[in-house]
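Q: To convert, count from 1 in the sequence shown and add 15; that's the working numbering. We treat Cβ as the ideally placed atom computed from N, Cα and C, and that holds for glycine. The structure follows.
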Amino acid sequence: MAPKINRSLLLLAALLVSVFAAAAATGDYCYAGMGLPNRPLEGCREYVAHQTCGAGILGAPSVPIETLKRQCCLEFSQVRQHCRCEALRYLMGGASHPDASSLLALPGCPTEPQRDFARMLPTPAQCNLVTDYNTPFCLAMDEV
């Protein structure tokens, strides 16, 4: 009787290990190329620039601003909830991702106001998305 119980426990343990290994393999990673696209929120850069600097500096958008917003929010919504703030950090560049910024660096359209606007993308007034913190905003974005 004892060997049968040990065998069952061993099989149960093996099953649990494989389940946990599979869960770990999918990971909660939020790095470009691992859990996030290589250039997260690339589709938001024109929307952010136009909302920040306007058509007076950038000229007319390639498509109506409502379309740019819809495309940006769709791309943002496809990022896993627990990775949305990190995706914003990549979009914004800064200290944690200095070479990764997707913001448009154009004369008359500085990146700092674009960063300020990008912070608002998850809010109800923009994309209305829940982030890592189960809120429509990201904490500690000033540490970008």
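Nearest by alpha-carbon distance to Leu83: which of Arg99, Leu56, Cys100, His97 is it?
A: It is Leu56 whose Cα lies nearest to the Cα of Leu83.
Q: Which value, in whole angstroms, describes the spacing of the CA atoms of Ala120 and His97?
A: Computed Cα separation, rounded: 28 Å.
Q: For Ser154, count neighbouring C-beta atoms within 10 Å of its own C-beta (all shown protein chains included) and say buried if the count is 16 or more, exposed if not.
A: The question names Ser, but residue 154 is Leu in the sequence shown. Exposed.
Q: When you compare each of Leu73, Gly50, Met156, Asn21 to Arg60 by their alpha carbons, which one comes out closest?
A: Per the Cα distances, Leu73.
Q: Just the C-alpha distance for Asp15 and Ala75, rounded to the nearest angstrom, thanks.
A: This structure cannot speak to residue 15, because the chain is shown only from 16 to 159.
Q: Under the DSSP definition of a beta bridge, which residues are partnered with Gly50?
A: Answer is Tyr46.
Q: What span of residues does the alpha helix (DSSP H) with Phe91 cover, start to end?
A: First-last of the alpha helix (DSSP H) with Phe91: 80 to 92.
Q: Less than 8 Å between the beta carbons of Met156 and Leu103, yes or no?
A: Yes, Cβ-Cβ distance for Met156 and Leu103 is below 8 Å.
Q: Quick check: what's the CA-CA separation for Thr138 versus Phe152?
A: Cα to Cα, Thr138 sits roughly 6 Å from Phe152.
Q: Could you give the distance in angstroms between the alpha-carbon of Pro52 and the alpha-carbon of Phe91?
A: Going from the Cα of Pro52 to the Cα of Phe91 covers about 11 Å.
Q: Whole angstroms is fine: what's the gap from Ala36's alpha carbon to Val78's?
A: Note that Ala36 scores a pLDDT of 40, beneath 50, so its modelled location is shaky; the value from the coordinates is reported in the next line. If you take the alpha carbons of Ala36 and Val78, they lie about 45 Å apart.
Q: In whole angstroms, give me the CA-to-CA distance for Val145 and Pro122.
A: Taking the straight line from one Cα to the other gives about 33 Å.
Q: With DSSP as the reference, label Cys100 as helix, strand or coil.
A: Note: Cys100 maps to helix in three-state DSSP.
Q: Determine the direct distance from the alpha carbon of Cys68 to that of Thr150, and round the result to whole angstroms.
A: Distance between the alpha carbons of Thr150 and Cys68 is about 27 Å.
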